[in-house]
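A.B. asks: Residues in the sequence shown are numbered consecutively from 319, following the numbering used here.
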Amino acid sequence: MARHGRSLRLLPVLALVAGCSQAPHYAPPSVALPATFREADGLTWVPARPGHPDPAARWWCGLGDPTLDALETRLLAQNPSLAEAVARHDAALAEYGVVRADTQPQIGLGADVSANRQSNDRPLRGSGQPDLYGADTAEGMVSYQLDLWGRLSDRAKAARAQADASGDDLAFARLALTAQLAESYIGLRGLDAQVAILASAVKAYGDAAKVVHLRFEKGIASGIDIGRIDTQLADTQAQLARMRGDRAVAEHAIATLVGVPAGSFDIPIDVPVMVPLPIPVVVPAQVLQSRADIAAAERRLYAANRAIGVARAAWFPAIGLGGEGGTQATALAGLATAPDLFWSIGPQLVLPLFDGGRRHARQRQAEAQWREASAQYRGTVLTAMGQVEDGLARSLRLSQDVAAEDRAARSADSAARLAYDRYLKGVASILDVVTAQTTELDVRRRAERARIERLQISVALRQACGEYDPAAR
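(1) If distances are taken between C-alpha atoms only, which option among Ser747, Ala721 and Asp486 comes closest to Arg764?
(2) In its own chain, which residues sit with a C-beta less than 6 Å from the C-beta of Gly452, not counting the 5 before and 5 after it?
(3) Would you mind sorting His407 into buried or exposed? The rule is 16 or more other CB atoms within 10 Å of its CB.
(4) Buried or exposed, going by whether 16 or more other CB atoms sit within 10 Å of the CB of Asn623?
(5) Per DSSP, Phe660 forms a beta bridge with which residues?
(6) Comparing alpha-carbon positions, which option in Val628, Trp661, Ala632 and Ile637 lies nearest Gly644?
(7) If I measure Cβ to Cβ from Thr554 and keep anything under 8 Å in the same chain, skipping five residues before and after, which residues do I get?
(8) Write down the C-beta distance between Leu436 and Gln447 rounded to the nearest angstrom, noting that I regard them as a contact closer than 8 Å.
(9) Which same chain residues end up closer than 6 Å to Ala684 when comparing Cβ atoms and leaving out the 5 residues on each side of it in sequence?
(10) Tell me where the beta strand (DSSP E) around Met703 begins and ends.
(11) Return the chain-ordered list of same chain residues with a C-beta closer than 6 Å to the C-beta of Arg772, the five sequence neighbours on each side being excluded.
(12) Rounded to the nearest angstrom, what separates Gln781 and Ala734 at their Cα positions?
(13) Counting only the same chain and skipping the five closest in sequence on each side, list residues whose C-beta sits under 6 Å from that of Val417.
(14) Classify Cys783: buried if its beta carbon has 16 or more other beta carbons within 10 angstroms, exposed otherwise.
(15) In chain order, what residues of the same chain lie with their CB nearer than 8 Å to the CB of Ala388, ignoring the 5 residues before and after it?
(16) From Ile775 to Ala500, what distance separates their C-alpha atoms?
(17) Judging by CA-CA distance, which residue of Leu488, Leu779 and Ser461 is the nearest neighbour of Leu427?
(18) Which of helix, strand or coil does DSSP assign to Met592?
(19) Kindly give me the distance between the Cβ atoms of Leu400 and Arg469, rounded to whole angstroms, as I take these residues to be in contact under 8 Å.
(20) Just list the residues that DSSP pairs Met459 with in beta bridges.
What follows is the structure, given as structure tokens:
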């Protein structure tokens, strides 16, 4: 009993050193950030740590399209890739639960009931031993691994960080998929607008062709005029057919995003008025570091730091406390008698002395993985910063582009009308008409493409900012 008493007196001392981590001091690598974004008109950075975007954010509602709102809701409920990300996050949380369980006491019960026959030639068998006998055991077991060097707690912290990273991966996947759907939907509506423009041109060119054919029959127009007007009409009809095919493909892609078979999915043709999402008034470092991919990279970096602690702790002894007790008898009735009780309790110590360099290799591997995670973190931050710069630059310039293209479209429309009127009066040639109409069609289509690109860039900028909800500029 004295020896057991001495062992028990050691427990407070062991508890004082329990959980001492061997991991290096943790700090994310510094990334040199400029005082302002180059494309942000002097807007200022504000240092911040990684955060977690709001998964309930419905940022796409700012575009003002109810059909898109309904599609986004279907995507969040039915998209297969998003379901995969949810499952991976659930698995990571479960893995954390498995690792964390190692830091808790383990308690179990066991029972064994058996009938046995001894061999007549069993060595050292006594003459009075029976040939047949029972062996019945009921026992309980408890064990606890002391976390003296932080090995178990560091493993649990690394698993918790990996689970957090998977949650950030889920948030990033949600944002990326909703942004992809928004851009695809805007592109679809852009195709609808292009179809409407081309259909209008086909009708106008068809009417003009009838006039030219009538003038040819009266000897006013030449065969060259017929060839030119018919070529223009046929080429525009071909463009319209291709655009309708592109529209069908775009619709199928949206069906896949929302988790619906393409053959049973339909979005009616429409040209709704959508409003570009506002450009952020302030786009600081806090916006960048609210991005879920940066938060995920930072958590994986922390997990790599804890893994170094686990590898270092392997050099120290593993000490555990364990005990078992129960009752054992040759018949079930004897299990309840005091003389048949048994028990044992005591510490266990394991210290590998030679492992062929395994621990050296594990530590070098953990340190290399830390360096890899550090590089990935820095790369993620730099990529995010570049994406915001790109979005700002393109947003500001597209606003000017859209206005200029609209002015060009109005001028081209006036020129086409004037050329056609002059042709009917015999002042201009059909070549003037065809040239003016072709130019007008090209300019109208460019203006529509610029408008669609501006909408899509506003979505890309919102994604680059990590669902940050800015005020309008």
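The beta carbon of each residue, even a glycine, is placed where N, CA and C say it ideally should be.
C.D. replies: Checking against the coordinates, here is how it stands:
(1) Nearest to Arg764 by C-alpha distance, out of Ser747, Ala721 and Asp486, is Ala721.
(2) Ala433, Thr648 and Ala649
(3) buried
(4) buried
(5) Its beta-bridge partners are Gly644.
(6) Trp661
(7) So the qualifying residues of the chain are Leu516, Ala519, Val520, Tyr523 and Leu759.
(8) The sequence shown places Gln at residue 436, not Leu. Indeed, because the Cβ distance is near 6 Å, the residues count as touching under 8 Å.
(9) Ala625, Ile626 and Ala629
(10) Not the beta strand (DSSP E): Met703 falls in the alpha helix (DSSP H), residues Arg676 to Leu742.
(11) Pro594, Leu716 and Val720
(12) Rounded to the nearest whole angstrom, the C-alpha separation of Gln781 and Ala734 is 41 Å.
(13) Arg473, Ala474 and Ala477
(14) buried
(15) none
(16) 11 Å
(17) Ser461
(18) coil
(19) Not quite, the Cβ-Cβ distance comes to about 36 Å (not below 8 Å), so this is no contact.
(20) Gly426 and Glu642
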